[in-house]
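Peer 1: For reference, the structure I am asking about is given below.
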């Protein structure tokens with residue numbers, strides 16, 4: 001009932017707005033003043049011709065234009081017959097309001113649905129995100145990952161001496177875009193096992209990702225990793241970048257070349273390091289002819305993240321990233337069992 005009343009009032013207001021022009025009085029424009037000005041311009045043209053200020057041809061053109069404007073002014077201000085008398089206009093407007101209101105109400109009664117409530121509208125709305133996730137659990141893998149990360153954090157609070165748990169948490173942070181938290185988690189693992197090269201190297205990479213460069217702190221961590229394993233490719237790679245950042249381009253080039261020469265034939269990072277070295281050589285105008293080992297014909301993909309991977313491995317397609325997330329979910333699930 002309330003809806004009917006509201007709609008009727010709205011229709012009536014709209015009809016009143018449409019009928020306002022019918023009851024408004026016509027405003028008379030000052031026709032005589034404009035015509036007098038134009039006639040005065042005709043007299044001024046005649047005076048200028050008499051004084052030889054303008055030639056007759058130009059005067060004729062001016063007279064024609066002024067006369068045209070006088071005719072237009074007379075036509076625009078001609079009397080307009082009104083369809084109804086002034087005293088009848090309010091009644092005409094009231095009748096139009098009543099007709100429009102009644103017709104609109106009748107049309108809505110026949111074709112509308114006044115009994116429809118907001119509850120039924122809500123019931124027919126698009127499915128919510130929770131419903132979509134319930135229909136397809138893999139459509140929102142990040143929610144599962146967040147829950148499992150929270151479970152792993154709770155587990156480590158109860159057992160903070162679990163170095164592998166801190167490593168798994170740090171790896172999860174890295175894969176969910178939290179490198180600063182990953183660096184802290186790796187630091188926890190390193191504190192438990194200070195000579196673990198894998199933890200040290202991964203901590204350094206997390207610092208690089210967090211700070212956007214190979215800082216002195218990250219370089220110190222990588223040097224600790226090399227003390228435990230002088231052949232660690234990740235530490236060697238980032239230390240070479242650090243030398244390049246500090247201005248030792250020649251030393252960085254030598255480190256990169258040595259890293260490529262010692263790389264296994266199936267190293268998944270070799271092609272990316274080679275590309276980096278070649279670009280750096282072009283910038284520094286260094287000839288690498290005969291210095292680099294032959295490029296492998298095919299590259300063998302690595303099964304997953306390990307100490308041989310480098311920072312450039314983060315550039316992956318959406319499909320690869322989705323597959324990585326699902327793999328992480330499975331690994332975290334196994335860790336929490």
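Numbering (the working numbering), first residue to last: 1 to 337. Beta carbons are placed, not taken as given, at the ideal position from N, Cα and C, and that holds for glycine.
(1) May I ask you to report which of helix, strand or coil DSSP gives residue 5?
(2) If you draw a straight line from the C-alpha of residue 221 to the C-alpha of residue 191, how long is it?
(3) Specify the secondary structure class of residue 155 as computed by DSSP and reduced to three states.
(4) Measure the Cβ-Cβ separation of residue 210 and residue 183 and say whether it is below 8 Å.
(5) In the region 150 to 229, which residue ranges form an unbroken beta strand (DSSP E) of at least 3 residues, counting only runs that do not cross its ends?
(6) Helix, strand or coil for residue 39 per DSSP?
(7) Over the uninterrupted alpha helix (DSSP H) stretch that includes residue 255, give me the two end residues.
(8) When you compare only the Cα positions, how much space is there between residue 239 and residue 252?
(9) Spatial neighbours of residue 118 within its chain, please: C-beta separation below 7 Å, excluding the five flanking residues on both sides.
(10) With contact counted as at least three CB pairs below 8 Å, one residue from each stretch, are the region 58 to 72 and the region 31 to 45 in contact?
(11) I think residue 170 touches residue 201, with their Cβ atoms under 8 Å apart; what is that distance to the nearest whole Å?
(12) Using C-beta distances below 8 Å, list every residue in its chain close to residue 159, excluding the 5 sequence neighbours before and after it, in chain order.
(13) For residue 270, collect the residues of the same chain with a Cβ closer than 6 Å to its Cβ; drop the 5 residues on either side in sequence, then sort them by chain order.
(14) Can the beta-carbon of residue 197 be found less than 8 Å from the beta-carbon of residue 228?
(15) Where does residue 205 land, buried or exposed, given buried means 16+ other C-beta within 10 angstroms?
(16) Go through its chain and collect everything with a Cβ distance to residue 257's Cβ below 6 Å, but skip five positions before and after it.
(17) Going by C-alpha to C-alpha distance, which of 103, 38, 150 sits closest to residue 71?
(18) Using 7 Å as the cut-off, classify the Cβ of residue 255 as near or not near the heavy atoms of the ligand FAD, replying yes or no.
(19) So residue 339 and residue 167 are supposed to be a Cβ contact under 8 Å. How far apart are they, rounded?
(20) Terminal residues of the continuous alpha helix (DSSP H) containing residue 295?
(21) Which of helix, strand or coil does DSSP assign to residue 53?
(22) Using CA atoms only, rank isn't needed, just tell me which of 155, 98, 275 is closest to residue 294.
Peer 2: Looking at the atomic coordinates:
(1) For the purposes of this step, residue 5 is taken as residue 5 along the chain shown, with counting starting at 1. The DSSP-derived three-state label of residue 5 is helix.
(2) Numbered from 1 along the chain shown, position 221 holds the residue referred to as residue 221. Numbered from 1 along the chain shown, position 191 holds the residue referred to as residue 191. If I take the Cα positions, the gap works out to 12 Å.
(3) Here residue 155 corresponds to residue number 155 of the chain shown, with the count starting at 1. Residue 155 falls in the helix class under three-state DSSP.
(4) Indexing the chain shown from 1 puts residue 210 at position 210. Indexing the chain shown from 1 puts residue 183 at position 183. Taking 8 Å as the cut-off, the Cβ atoms of residue 210 and residue 183 count as close.
(5) Fully enclosed beta strand (DSSP E) runs of no fewer than 3 residues are not present anywhere in the region 150 to 229.
(6) Locating residue 39 in the chain shown gives position 39, where the first residue counts as 1. DSSP places residue 39 in helix when its eight states are reduced to three.
(7) As a working mapping, residue 255 is identified with position 255 in the chain shown. 249 to 261 is the span of the alpha helix (DSSP H), which, as asked, contains residue 255.
(8) Locating residue 239 in the chain shown gives position 239, where the first residue counts as 1. Locating residue 252 in the chain shown gives position 252, where the first residue counts as 1. If I take the Cα positions, the gap works out to 8 Å.
(9) Stepping through the chain shown from its first residue, residue 118 is reached at position 118. In this prediction, residue 118 scores a pLDDT of 42, lower than 50, which makes its location untrustworthy; the coordinate-derived value is nonetheless stated afterwards. So the list is empty, once near-sequence residues are dropped.
(10) Counting Cβ pairs under 8 Å, three or more are found: they touch.
(11) One-based indexing of the chain shown puts residue 170 at position 170. One-based indexing of the chain shown puts residue 201 at position 201. About 12 Å separates the Cβ atoms of residue 170 and residue 201, ruling out a contact at the 8 Å cut-off.
(12) Within the chain shown, the letter at position 159 stands for residue 159. Excluding positions up to five away in sequence, the list reads 165.
(13) As a first step, residue 270 is located in the chain shown; it is residue number 270 there, counting from the start. For residue 270, where only same-chain residues beyond five positions count, the Cβ hits under 6 Å are 263.
(14) Locating residue 197 in the chain shown gives position 197, counting from the first residue. Locating residue 228 in the chain shown gives position 228, counting from the first residue. Yes.
(15) Taking the chain shown and counting its residues from 1, one reaches residue 205 at position 205. Buried, since its Cβ has 16 or more Cβ neighbours within 10 Å.
(16) The count along the chain shown starts at 1 and reaches residue 257 at position 257. Here the set comprises 291.
(17) Here residue 71 corresponds to residue number 71 of the chain shown, with the count starting at 1. The shortest Cα separation from residue 71 among 103, 38, 150 belongs to 38.
(18) Questions concerning the ligand FAD fall outside what the structure shown contains, since it holds no ligand whatsoever.
(19) Since the first and last residues shown for the chain are 1 and 337, residue 339 lies out of range.
(20) Locating residue 295 in the chain shown gives position 295, where the first residue counts as 1. Looking at the DSSP string, residue 295 is not in any alpha helix (DSSP H), and its letter there is neither H nor E.
(21) As a working note, residue 53 is residue 53 in the chain shown. Here residue 53 sits in coil by DSSP.
(22) Working through the chain shown from its first residue, we reach residue 294 at position 294. Taking residue 294 as reference, the option from 155, 98, 275 with the minimal CA-CA separation is 275.
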